[in-house]
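Everything below concerns the one structure shown next.
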Amino acid sequence: MITLKNVKKVFDQNGHVCTALDDINLHVPEGSVYGVIGCSGAGKSTLIRCINLLEQPTCGEVIVDGQNLVDLTARQLSCFRRRIGMIFQHFNLLSNKTVYDNIALPLALTGKNKEEIAQAVEPLINRVGLTNKKCQYPAQLSGGQQQRVAIARALASHPKVLLCDEATSALDPQTTQTILTLLKKINQDLNITILLITHEMDVIQSVCDRVAVISAGRVVEHNTVKQFFLSPQTEPAQEFVRSAIHEKSLTALTQQCRTVPFEGKNPDRGKNPIVRITFDGDKTVQPLITQVARQFDTDFVILQADLESLDGYLIGFLMVEVMGKPESVQLALAFLQERVKVEVLGYVH
Numbered sequence: 082m083i084t085l086k087n088v089k090k091v092f093d094q095n096g097h098v099c100t101a102l103d104d105i106n107l108h109v110p111e112g113s114v115y116g117v118i119g120c121s122g123a124g125k126s127t128l129i130r131c132i133n134l135l136e137q138p139t140c141g142e143v144i145v146d147g148q149n150l151v152d153l154t155a156r157q158l159s160c161f162r163r164r165i166g167m168i169f170q171h172f173n174l175l176s177n178k179t180v181y182d183n184i185a186l187p188l189a190l191t192g193k194n195k196e197e198i199a200q201a202v203e204p205l206i207n208r209v210g211l212t213n214k215k216c217q218y219p220a221q222l223s224g225g226q227q228q229r230v231a232i233a234r235a236l237a238s239h240p241k242v243l244l245c246d247e248a249t250s251a252l253d254p255q256t257t258q259t260i261l262t263l264l265k266k267i268n269q270d271l272n273i274t275i276l277l278i279t280h281e282m283d284v285i286q287s288v289c290d291r292v293a294v295i296s297a298g299r300v301v302e303h304n305t306v307k308q309f310f311l312s313p314q315t316e317p318a319q320e321f322v323r324s325a326i327h328e329k330s331l332t333a334l335t336q337q338c339r340t341v342p343f344e345g346k347n348p349d350r351g352k353n354p355i356v357r358i359t360f361d362g363d364k365t366v367q368p369l370i371t372q373v374a375r376q377f378d379t380d381f382v383i384l385q386a387d388l389e390s391l392d393g394y395l396i397g398f399l400m401v402e403v404m405g406k407p408e409s410v411q412l413a414l415a416f417l418q419e420r421v422k423v424e425v426l427g428y429v430h
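This is the structure we're talking about:
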């Protein structure tokens, strides 16, 4: 549905060249909810604004629903944008118009009559749960309600694509979850392709099918959300996963041990390894640690644990210190590695 090919965006700021996007290649499948995550300044907002050409790419192709948008005239682009809805962090509602009139605005601008507008707007108001608010003004609404108005307005032109620019970052966690649930339902009910950008892993976890990581203007990694959690390949991706599971630093983990940190990773020195174990699927409910401890005469000191659900699929993370004779510890780790993902983070003694 959305394909970016070699997209680059360069800004000239008083003679200083700033590359906001550098050789972006990305494909968003039709009907998916695709998340792009990155830190502040990574290029997220520039990327999403290039998709509907609110920002004109310096070079590259932006293909939406089979059409390369950079080839369109201004008039053609204006018409094509009706297929692309967009919602923003701060809602962008007209303060002097009611909920009904804000939602009706894009239809009125295309010349629809009052009857046509009513036929489109009333179902949208119901869809976003604002039936009793349609005559109120934005100032009378909560932040979550204002974002619901913005979502309904974005859907008024029956778009095939919905772009979400940090749509929940101005909301509290509970309201954020209700908005994400609404977006997922819209995706499922209307088969609208959703591309959202965020700096929050909770958003990716809650609603996305696939995720891409953007760093310094480049897409450094992309995968299904499940594989992203199970096996992040790049440092930015690993950092986002660590933040999602609230993983403590190695220093903090070793401070929990009754032993002292050892500088180095030589298992032959008889040190106790600090290990991250990743479980997924049915392995999250199997007593593997107990089995290993008994079979290989080892002890596991649990330093931290976390269990995440990705659309009903369970992924568990366990940080442990493994204690025992060196040969027993190595056999225990080898046994685990055949069944789950095992990463040695460091050693203590």
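Residues 82 to 430, numbered by the working numbering, are exactly what the sequence shown covers, in order. Ideal Cβ placement from N, Cα and C applies to all residues, glycine included. Everything numeric in this text was worked out from a predicted model, so none of it was measured.
Based on the DSSP secondary-structure assignment, which residues constitute the bridge partners of residue i?
i           : result
residue 83  : 109 and 145
residue 123 : Per DSSP, none; premise fails for residue 123.
residue 244 : 167 and 276
residue 377 : The partner list for residue 377 (beta bridge, DSSP) is empty, contrary to what the question assumes.
residue 424 : 357
residue 304 : 292
residue 97  : 94
residue 162 : Answer by DSSP bridge pairing: none, since residue 162 is not bridged.
residue 383 : 401
residue 88  : 105
residue 390 : 395
residue 140 : 89
Since residue i and residue j are thought to touch, with beta carbons under 8 Å apart, how far apart are those beta carbons, to the nearest angstrom?
i           : j           : result
residue 357 : residue 404 : Not quite, the Cβ-Cβ distance comes to about 16 Å (not below 8 Å), so this is no contact.
residue 234 : residue 187 : 6 Å
residue 291 : residue 280 : That pair is no contact at about 17 Å.
residue 143 : residue 289 : With 8 Å as the limit, residue 143 and residue 289 do not qualify as a contact, their Cβ atoms being about 21 Å apart.
residue 359 : residue 422 : 4 Å
residue 226 : residue 214 : 6 Å
residue 260 : residue 249 : 5 Å
On the CB-based measure, 16 or more other CB atoms within 10 Å of its CB, does residue i come out buried or exposed?
i           : result
residue 287 : buried
residue 99  : exposed
residue 140 : exposed
residue 220 : exposed
residue 377 : buried
residue 425 : exposed
residue 207 : exposed
residue 390 : exposed
residue 330 : exposed
residue 276 : buried
residue 228 : buried
residue 155 : exposed
residue 183 : buried
residue 127 : buried
residue 392 : exposed
residue 93  : exposed
residue 387 : exposed
residue 296 : buried
residue 191 : exposed
Can you give me the C-alpha to C-alpha distance between residue i and residue j, rounded to a whole angstrom?
i           : j           : result
residue 350 : residue 409 : Because the pLDDT at residue 350 is just 48, under 50, the model does not fix this residue reliably, and the point stays unresolved.
residue 103 : residue 129 : 14 Å
residue 354 : residue 151 : 54 Å
residue 124 : residue 95  : 20 Å
residue 168 : residue 253 : 17 Å
residue 24  : residue 311 : In the structure as shown, the chain begins at 82 and stops at 430. Residue 24 is therefore absent and cannot be evaluated.
residue 83  : residue 116 : 13 Å
residue 158 : residue 300 : 26 Å
residue 172 : residue 86  : 30 Å
residue 198 : residue 212 : 16 Å
residue 148 : residue 262 : 30 Å
residue 419 : residue 244 : 42 Å
residue 193 : residue 317 : 47 Å
residue 428 : residue 352 : 6 Å
residue 153 : residue 319 : 39 Å
residue 246 : residue 372 : 47 Å
residue 175 : residue 165 : 20 Å
residue 412 : residue 381 : 14 Å
residue 315 : residue 332 : 21 Å
residue 118 : residue 217 : 34 Å
residue 341 : residue 384 : Low per-residue confidence applies at residue 341: pLDDT is 47, beneath 50, and the placement is therefore not dependable, though the value from the model is reported in the following sentence. Approximately 14 Å between the Cα atoms of the pair.
residue 146 : residue 239 : 14 Å
residue 181 : residue 241 : 22 Å
residue 269 : residue 111 : 12 Å
residue 189 : residue 163 : 13 Å
Just to confirm the assignment, what range does the alpha helix (DSSP H) spanning residue i have?
i           : result
residue 224 : 224-236
residue 64  : Since the displayed the chain opens at 82 and closes at 430, residue 64 lies outside it and no answer follows.
residue 181 : 180-190
residue 249 : First-last for residue 249: undefined, no H or E at that position.
residue 408 : 407-418
residue 212 : Run containing residue 212: none; DSSP gives neither H nor E here.
residue 333 : 331-337
What residue range does the beta strand (DSSP E) around residue i cover?
i           : result
residue 313 : Looking at the DSSP string, residue 313 is not in any beta strand (DSSP E), and its letter there is neither H nor E.
residue 354 : 353-361
residue 401 : 394-404
residue 114 : 114-118
Would a check of beta-carbon distances place residue i closer than 8 Å to chain C?
i           : result
residue 375 : Here there is only one protein chain, and chain C is not present.
Would you say the beta carbon of residue i is closer than 7 Å to some non-hydrogen atom of the ligand MN?
i          : result
residue 92 : In the structure on display, the ligand MN does not appear, and there are no ligands present to speak of.
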